[in-house]
Each structure stands twice: as C-alpha cells, then as structure tokens.
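What follows is one structure encoded as structure tokens, with my remarks underneath.
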Amino acid sequence: MLEARLEQANLLKKVVDAIKDLVQDCNFDCNDSGIALQAMDNSHVALVSMMLKSESFSPFRCDRNIALGINLGSLTKVLRCAQNEDILTLKAEDAPDVVNLVFESAETDRISEYDIKLMDIDQEHLGIPETEYAATITMPSAEFQRICRDLSALSESVSIECSKEGVKFNCQGDIGSGSIHLRSHTNVDKPELNVEIDLTEPVSLTFSLKYLVNFCKASGLSNQVKLCLSNEVPLLVEYALSNNSYLRFYLAPKIGD
Amino acid sequence: APKQATLGKFFGNL
Chain Z
1 MLEARLEQAN LLKKVVDAIK DLVQDCNFDC NDSGIALQAM DNSHVALVSM MLKSESFSPF
61 RCDRNIALGI NLGSLTKVLR CAQNEDILTL KAEDAPDVVN LVFESAETDR ISEYDIKLMD
121 IDQEHLGIPE TEYAATITMP SAEFQRICRD LSALSESVSI ECSKEGVKFN CQGDIGSGSI
181 HLRSHTNVDK PELNVEIDLT EPVSLTFSLK YLVNFCKASG LSNQVKLCLS NEVPLLVEYA
241 LSNNSYLRFY LAPKIGD
Chain Y
1 APKQATLGKF FGNL
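Each protein sequence line maps, in turn, to chains Z and Y.
For the first sequence, the positions run 1 to 257 when my numbering is used.
For the second sequence, the positions run 1 to 14 when my numbering is used.
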C-alpha cells in the first residue's frame with residue numbers, strides 16, 4: 001500500500017496547477033523511492049517529468065509499485081478543498097480503484113477526506129537520454145516568466161542564443177521585434193537574483209513561446225529555474241524542489257527553414 | 001519559418 005504524508009498541501013497544489021493545462025490524464029508511479037510522473041502533451045511537443053522523492057514526505061511508505069491513473073482536472077477539484085498549510089496524506093491500496101486524500105489542519109481539529117476514482121491509463125513512456133548540455137543557464141524563475149510573457153505578446157517563437165557574451169532571448173513578430181540580453185550576475189545579498197551561465201559551446205535554438213509560458217506556471221515552486229540547451233535537442237526547463245525532488249519540462253525545438 | 005519538431009525524434013520509446 002501507499003501512504004505518503006506531505007507537510008504542506010501547497011506543494012502538490014502548485015505542482016498540479018503548473019502541469020494541468022499541459023497534460024490531462026497521468027499515471028502517478030509510486031515506489032519506494034517516491035512518486036514520479038512522466039507525461040507528454042497531446043501534440044508530443046512538450047513533456048512533463050515530476051519526481052517527488054520519498055524524502056519529501058514524512059512518513060513515506062510504498063511496499064510495491066503502484067500506478068495511480070489520475071485525471072488532473074479531478075485532482076485539481078479535490079486539491080482546491082485543501083488549505084495551503086494543511087497536512088496532506090495520500091493513501092492507496094496495492095491494486096486500487098481510488099486514491100484517498102486526507103487534509104488535516106494543524107491549527108484546528110478539522111480533518112477532511114476525499115477519494116478520487118482512478119483510471120486505467122496506457123501511457124507512452126519515453127526514454128530521455130543522459131545529455132551533457134552545451135549551455136546551462138540558472139536564473140530567477142520570475143525573470144524567465146517575465147521574458148516569456150513579454151515576448152509572447154510579439155511573437156509565437158523565441159530564439160535563445162547563448163554565447164560567452166551572455167544569453168539573448170530574441171523574437172520577431174508582425175508588429176516588430178524584441179530582445180532581452182542577460183549576463184552572468186551575482187547578488188551576494190539576494191542570491192535568488194543570480195544569473196549563472198555555464199557554457200561549453202555556443203548554442204542557438206528556437207522554441208514555441210506558448211509552451212514556455214505554460215511551463216512558467218511552475219515559477220511559484222522555486223525562486224530559480226535552470227535552462228539546459230544543446231543545439232538541435234529538446235530544451236530542459238527545471239524547477240528544483242526540496243530533497244532533490246523536481247519538476248522538469250522538455251520542449252522540442254523548432255528546426256530548419 | 002522553422003518547423004516544430006516532436007519529442008519522438010529525440011527520445012526513444014521505452
């Protein structure tokens with residue numbers, strides 16, 4: 001059986017909120033290392049990969065592998081019934097028909113309990129190769145969100161160019177063009193504002209802004225976001241969570257002329 | 001204009 005207790009419901013609320021517009025029905029794969037999810041959007045252009053390590057829960061118990069097929073719309077409805085600070089416990093039997101969610105208020109003695117019916121989801125699982133990326137940019141997640149939102153007003157696509165000069169986000173649209181240039185930046189007092197660019201070779205890639213704007217819904221999960229790029233491979237956008245847990249998005253590039 | 005690729009081109013099926 002599965003029993004996983006989260007100190008704050010807020011974490012799961014934010015994760016589900018960040019991915020629910022990209023993917024609808026997903027398997028939450030539970031085993032003794034934690035709860036993982038991998039799902040592609042309908043167009044097979046973007047992929048969500050979530051890992052909530054067992055250390056992110058206290059306690060965490062999962063005796064055998066259980067796949068919980070959950071509709072994220074349904075999960076959102078139930079998670080709305082939890083307060084952000086509630087303690088959340090997920091429970092399921094070994095061959096479950098439902099997943100059980102218990103929300104406990106630390107301040108009052110209120111306990112609420114919900115069951116969500118599970119679905120059989122035959123999901124395509126992709127093997128993501130280990131990649132040594134040519135450029136890794138770590139930057140404030142709010143800054144990345146602002147860039148994507150600002151440029152999406154002008155264009156459908158953004159080119160991300162990374163060189164030893166820094167990183168440049170460029171777009172061209174019907175009304176004109178825009179570009180934002182960032183350099184490495186260290187703020188001793190506010191390290192969450194740091195921009196770090198780790199480059200082994202220059203990179204230039206084009207991506208759909210619609211998806212990037214969608215990924216940025218995860219900005220509330222982490223002060224910083226990591227963008228990993230290599231020419232002609234999917235972009236990795238990573239929001240690191242506590243205890244080595246993470247929410248990652250992969251986005252296939254736009255290629256050729 | 002460049003064309004949107006899909007992930008299957010880069011990631012293998014498991």
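The C-beta atom is built at its ideal place from N, Cα and C for all residues, glycine as well.
Residue 233 (chain Z) by DSSP, collapsed to three states: which one? coil
In three-state DSSP terms, what is residue 205 (chain Z)? strand
8 Å is my cut-off, CB to CB: does residue 14 (chain Z) come that close to chain Y? With 8 Å as the cut-off, residue 14 (chain Z) does not count as an interface residue toward chain Y.
I'd like to confirm the pairing. Which residues does DSSP put opposite residue 117 (chain Z) in its beta bridges? Z:98
Where residue 127 (chain Z) meets chain Y, residues with beta-carbon distance less than 9 Å: 11, 12, 13, 14
Which value, in whole angstroms, describes the spacing of the CA atoms of residue 195 (chain Z) and residue 254 (chain Z)? 25 Å
Cβ closer than 7 Å: which chain Y residues qualify as neighbours of residue 124 (chain Z)? 13
For the stretch 145–155 of chain Z against the stretch 92–102 of chain Z, do three or more pairs of beta-carbon atoms, one drawn from each stretch, fall closer than 8 Å, so that the two count as touching? no
May I ask you to report which of helix, strand or coil DSSP gives residue 145 (chain Z)? When secondary structure is reduced to three states using DSSP, residue 145 (chain Z) falls in the helix class.
For residue 81 (chain Z), does the count of other Cβ atoms within 10 angstroms reach 16, so buried, or fall short, so exposed? exposed
Where do the ends of the beta strand (DSSP E) carrying residue 34 (chain Z) lie? 34–40
Own chain, CB closer than 6 Å to residue 203 (chain Z), minus 5 neighbours either side, in chain order: The answer, listed in chain order, is 134, 135, 162, 229, 231.
Interface residues of the stretch 131–158 of chain Z facing chain Y [CB-CB below 8 Å]: 157
If we ignore side chains and look at the alpha-carbon of each, how far apart do residue 50 (chain Z) and residue 185 (chain Z) end up? Our two residues, residue 50 (chain Z) and residue 185 (chain Z), have alpha carbons roughly 29 Å apart in a direct line.
Along chain Y, in chain order, which residues have C-beta atoms closer than 7 Å to that of residue 39 (chain Z)? None at all; the shortest Cβ gap to chain Y is about 11 Å.
Anticipated Cβ contact below 8 Å, residue 123 (chain Z) with residue 27 (chain Z), distance rounded: That belief holds up - the Cβ atoms of residue 123 (chain Z) and residue 27 (chain Z) are roughly 5 Å apart, short of 8 Å.
With residue 17 (chain Z) as the anchor, note down where its alpha helix (DSSP H) starts and where it stops. 9–19
For residue 252 (chain Z), would you say it is in contact with chain Y, using Cβ-to-Cβ distances shorter than 8 Å as the test? yes
Spatial neighbours of residue 142 (chain Z) within its chain, please: C-beta separation below 7 Å, excluding the five flanking residues on both sides. So the qualifying residues of the chain are 219.
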